[in-house]
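Report on the structure given below.
Protein chains: 4
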Amino acid sequence: MAARHEPPPAQAGRGPVRVDSPQTSPKPAPDGDSVPQRLLAAATRLFADRGYDRTSVQEIVEAAGVTKGALYHYFGSKDDLLHEVYGRVLRLQQERLDALAGSRAPVEERLREAAADVVVTTIENLDDTTIFCRSMHHLGPEKLAQVRAERRRYHERFRALVEEGQRAGVFTTATPADLVVDYHFGSVHHLGAWYRAEGRLSAQEVAGHLADLLMRALRP
Amino acid sequence: MAARHEPPPAQAGRGPVRVDSPQTSPKPAPDGDSVPQRLLAAATRLFADRGYDRTSVQEIVEAAGVTKGALYHYFGSKDDLLHEVYGRVLRLQQERLDALAGSRAPVEERLREAAADVVVTTIENLDDTTIFCRSMHHLGPEKLAQVRAERRRYHERFRALVEEGQRAGVFTTATPADLVVDYHFGSVHHLGAWYRAEGRLSAQEVAGHLADLLMRALRP
Amino acid sequence: MAARHEPPPAQAGRGPVRVDSPQTSPKPAPDGDSVPQRLLAAATRLFADRGYDRTSVQEIVEAAGVTKGALYHYFGSKDDLLHEVYGRVLRLQQERLDALAGSRAPVEERLREAAADVVVTTIENLDDTTIFCRSMHHLGPEKLAQVRAERRRYHERFRALVEEGQRAGVFTTATPADLVVDYHFGSVHHLGAWYRAEGRLSAQEVAGHLADLLMRALRP
Amino acid sequence: MAARHEPPPAQAGRGPVRVDSPQTSPKPAPDGDSVPQRLLAAATRLFADRGYDRTSVQEIVEAAGVTKGALYHYFGSKDDLLHEVYGRVLRLQQERLDALAGSRAPVEERLREAAADVVVTTIENLDDTTIFCRSMHHLGPEKLAQVRAERRRYHERFRALVEEGQRAGVFTTATPADLVVDYHFGSVHHLGAWYRAEGRLSAQEVAGHLADLLMRALRP
DNA sequence: AATGAATGAGTTTTCATTCAT
DNA sequence: AATGAATGAAAACTCATTCAT
Chain U
1 MAARHEPPPA QAGRGPVRVD SPQTSPKPAP DGDSVPQRLL AAATRLFADR GYDRTSVQEI
61 VEAAGVTKGA LYHYFGSKDD LLHEVYGRVL RLQQERLDAL AGSRAPVEER LREAAADVVV
121 TTIENLDDTT IFCRSMHHLG PEKLAQVRAE RRRYHERFRA LVEEGQRAGV FTTATPADLV
181 VDYHFGSVHH LGAWYRAEGR LSAQEVAGHL ADLLMRALRP
Chain P
1 MAARHEPPPA QAGRGPVRVD SPQTSPKPAP DGDSVPQRLL AAATRLFADR GYDRTSVQEI
61 VEAAGVTKGA LYHYFGSKDD LLHEVYGRVL RLQQERLDAL AGSRAPVEER LREAAADVVV
121 TTIENLDDTT IFCRSMHHLG PEKLAQVRAE RRRYHERFRA LVEEGQRAGV FTTATPADLV
181 VDYHFGSVHH LGAWYRAEGR LSAQEVAGHL ADLLMRALRP
Chain F
1 MAARHEPPPA QAGRGPVRVD SPQTSPKPAP DGDSVPQRLL AAATRLFADR GYDRTSVQEI
61 VEAAGVTKGA LYHYFGSKDD LLHEVYGRVL RLQQERLDAL AGSRAPVEER LREAAADVVV
121 TTIENLDDTT IFCRSMHHLG PEKLAQVRAE RRRYHERFRA LVEEGQRAGV FTTATPADLV
181 VDYHFGSVHH LGAWYRAEGR LSAQEVAGHL ADLLMRALRP
Chain A
1 MAARHEPPPA QAGRGPVRVD SPQTSPKPAP DGDSVPQRLL AAATRLFADR GYDRTSVQEI
61 VEAAGVTKGA LYHYFGSKDD LLHEVYGRVL RLQQERLDAL AGSRAPVEER LREAAADVVV
121 TTIENLDDTT IFCRSMHHLG PEKLAQVRAE RRRYHERFRA LVEEGQRAGV FTTATPADLV
181 VDYHFGSVHH LGAWYRAEGR LSAQEVAGHL ADLLMRALRP
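Protein chains in written order, with full-length UniProt numbering: chain U, 1 to 220; chain P, 1 to 220; chain F, 1 to 220; chain A, 1 to 220.
Listed below in structure tokens is the structure:
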């Protein structure tokens, strides 16, 4: 069973996510967010911390300050919560990639920007993407298929950029384009394993370096 | 609680792994392997399939053809099994890196070989490394610290190679060496997400491509 | 807790049941029946299908096309719904028995007609009577006592017929009258277990056979 | 999943059931019966009392003086417990019917004995048969199919007796044999609704009366 | 060296009911 | 007359681990 009363999909923009306009929120709630928002936020934090299986529904509802009944009023299952987390970040990244890839700039600039941007948004949503890598296989079969399909669409858009540059002669054809894409996304997915906000490098600096590495690897 | 009768640590060498010399095996067992070996093999397969938390010790012992008592005779806990899986692949890769990095070849050759070799051994032990990425955080604090320390040691050895090349002027210094290492290992850890033995490319071909990408990215 | 706005008790008559006179219906509703009627019909179908405990009030309100609030507006509890189902069929059968038993025909004709008629009305309301047998014990104590009292009244009216025939010498006295009644009603309650509308025999044919069996068993 | 460590099937005889010889019982247990026996007895009593759905496994294990883990060690599910209850009484009644129907007595004697015997064994196992009628539909589809098949086999054996008598001319053919069987078993299933051990009639007396009713109903 | 019965705390999920609107 | 968010208690079932043998 799917989520029953899904909150309207987040108009994911640059800054902090706002799921609902405050004045229409049915019940403003202790700390300003709606119940499904609080649940989603709590779940995201906890899933990233301890992993999906190690997080109990009890812990989620306690962190969100509601009861289990409330959770199951909005989400059909624990699984749904995970799917929602994925959905949010996948939609965000797909939109940004579509915007960047479709610009009129030369292909090497478009790829460089896309490669850097995915690093920045990954770091800005590090919890979500960490969950993504570690817990994707916990989704039930249909949801998993759906997520994989969206993920594939994203990869293919990216690969199309690489191939465009290869045909244009600005990128080497020594390495197949799909391998290049997997190479880059490998390091993106790996960010959660080592990147720390309080570390030496800002998100933009890391993004710049990783994009540089990719672009140099693609020089003919 | 630690394992009580840990099996002798694997003498991981270059060729096919030999966990145990046949004549010391405590009980030849129905299908040729010792009981702890069968348990470890079953656990590895199942952990990679369904994840650590989704695998019950009941399933492990059934797959190994023994009973729970036998498992707890050889391993102190389910946790110990996971730790053992890690230990095997970590020791293997550390040894191989040490051997390659210590050779007399020029640094760019040594790095290239190391970068390719870790891809090959990762693919050859894809179950173990998949488990590694997904389930490392399930280890208890001390074991986790130990694994992380071994992991760090490995990374640092690799980084030292990059830095050596940078000092020698054969690699660019545009990107900090540790970022380079994380970039490469990101894609190594990501292999489990897409590499299929029955796919288009052999392990060696993939390794060659990924090493090429790295070497090109490091050109000054 | 009792129903708050119980719908007017069904004026169960001879022909097709009319629960409500159309002009007083509070709200004609999407498909012609009043809300409490639709709820009762949905509950009857579902209770007969899956049993009382396996039917959630959520399912009932969905089947009736209303919301939970509406159900609790008309019925004090889920229990009340069950009680209402019983009430309807009990009132119906009692009225018909009273009419038949009070006629001026010879006693053996009256008993035969009553025995056949209860079979026909049971088959015509098979859902309700199935629920009756399977779920009666789910009622709370007071409602259960009430239902049992009505049931007993029905049985006693039937038994009186048997005894009248025994006194008149047209029925054997070899078997106590109450046992005879239980024998017959056993098979009536059992109808739900095997009778199928699409089967070989019509309700009237089954009724005729079962009444014949009873009358033959009572021959002196 | 089926019962995992089913106790040896009861050698159901006349008197109190003994599932296991006491001296081989792995752990004699507080009150002399093995754990699975105590669980089955507790479940039977409770299911008959409150119905299957209204009985929680918590109540069963408390009544049996064990923990939930123990229950699930022996039975795969709550469903299995119900199935086991059915199995016991079905096997018992089938065996007795086979024995009686196969004797060399005239058919009217054999049917009379069988009709009376099923009443006696039903009363002697009134809890089990009450559960049977009320809770059969709670079984999962495969188990339900199995129970129905066994039930059908029983009915058909009984029907064959009626048909034999009809062919021999000792029973009337006015009523189809399968209706006769349903008529009789209706009252047998109904016994739980009114028979009380402390009442006026003994099991044998009731059995005699009900068998008489059947035989009289079958006189040509 | 190995068994398997038993534990007990834990899991996710369901549901009748209430209540402010 | 009717909504639907929220509650809180209870449900069935799982599982790593222990221990007498």
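In this text, a Cβ means the ideal position worked out from N, Cα and C, and glycines have one as well.
For F/THR175, the nearest CB of chain A lies under 8 Å from its own CB, placing it at the interface with that chain. Identification of chain A residues near F/HIS189 by a Cβ-Cβ cut-off of 8 Å yields GLY186, HIS189, HIS190 and ALA193, ordered along the chain. Scanning its chain for C-beta atoms nearer than 7 Å, with the 5 sequence neighbours on each side dropped, one finds around A/ALA64 the residues ARG38, LEU39 and ALA42, in chain order. Straight through space, the alpha carbons of U/ARG54 and U/LEU46 are spaced by roughly 9 Å. Using a Cβ-Cβ cut-off of 8 Å, F/HIS83 does not count as an interface residue toward chain A, since no Cβ of chain A sits closer than that to its own. Nearest C-alpha to U/ARG152 among U/GLU163, U/GLY165, U/ARG134 and U/VAL181: U/VAL181. Among the residues of chain P, those whose CB is under 7 Å from the CB of U/ALA217 are LEU213, ARG216 and ALA217, following chain order. Contact with chain F is found for A/ARG54, since one of that chain's Cβ atoms lies less than 8 Å from the residue's Cβ. Taking a Cβ-Cβ cut-off of 8 Å, the neighbours of F/VAL180 in chain A comprise LEU213, given in sequence order. Counting C-beta pairs closer than 8 Å gives fewer than three between the stretch 157 to 166 of chain U and the stretch 69 to 87 of chain U, which falls short of the contact rule.
Non-local C-beta neighbours of A/VAL147 in its own chain, meaning closer than 6 Å and more than five positions away in sequence, comprise TYR86, ordered along the chain.
Taking a beta-carbon distance threshold of 8 Å, A/TYR183 counts as an interface residue toward chain F.
When DSSP states are grouped into helix, strand and coil, U/SER187 belongs to the helix group. F/GLY102: not part of any alpha helix (DSSP H); DSSP gives it neither H nor E. For F/ARG134, a Cβ of chain A is located within less than 8 Å of the residue's own Cβ. DSSP, reduced to helix, strand and coil, places P/GLU198 outside both helices and strands of the structure shown, so it counts as coil. If you draw a straight line from the Cα of A/SER135 to the Cα of A/HIS83, it comes to about 10 Å. Contacts with chain P at 8 Å (Cβ-Cβ) do not include U/HIS73. Boundaries of the alpha helix (DSSP H) harbouring U/LEU71: 68 to 74, taken from the DSSP string. Cβ-Cβ separation between F/HIS209 and A/THR175: approximately 5 Å, consistent with a contact (criterion under 8 Å). If you check each beta-carbon in the stretch 35 to 53 of chain F against every beta-carbon of chain A, the ones closer than 9 Å belong to ARG50, GLY51, TYR52 and ASP53.
Non-local beta-carbon contacts of P/ALA207 in its own chain, meaning distances under 6 Å to residues more than five positions away in sequence, involve ALA116, VAL119 and VAL120 in chain order. From the listed residues U/PRO220, U/HIS190, U/PHE171 and U/LEU191, the smallest Cα separation to U/VAL107 is found for U/PHE171.
Nearest CB-CB separation between U/LEU139 and chain P: not below the 8 Å threshold.
Contact of A/LEU210 with chain F by beta-carbon distance below 8 Å involves LEU179 and TYR183. Put simply, the backbone Cα of U/ASN125 is about 14 Å away from that of U/GLN204.
For F/SER135, the enclosing alpha helix (DSSP H) has its first and last residue at 126 to 135. Counting every other CB atom within 10 Å of its CB across the protein chains shown gives P/GLU113 a total of 16 or more, marking it as buried. Rounded to the nearest whole angstrom, the CA to CA distance from F/HIS184 to A/ALA101 is 25 Å. Going by C-alpha positions, A/SER103 is about 7 Å away from A/ARG110. The beta carbons of F/HIS138 and A/HIS189 sit about 19 Å from each other, so the pair does not count as a contact at 8 Å. Listed in chain order, the non-local C-beta contacts of U/CYS133 below 6 Å within the same chain comprise HIS189, local neighbours out to five positions each way being set aside. In terms of Cβ geometry, F/GLY186 and F/THR130 do not form a close pair [threshold 8 Å].
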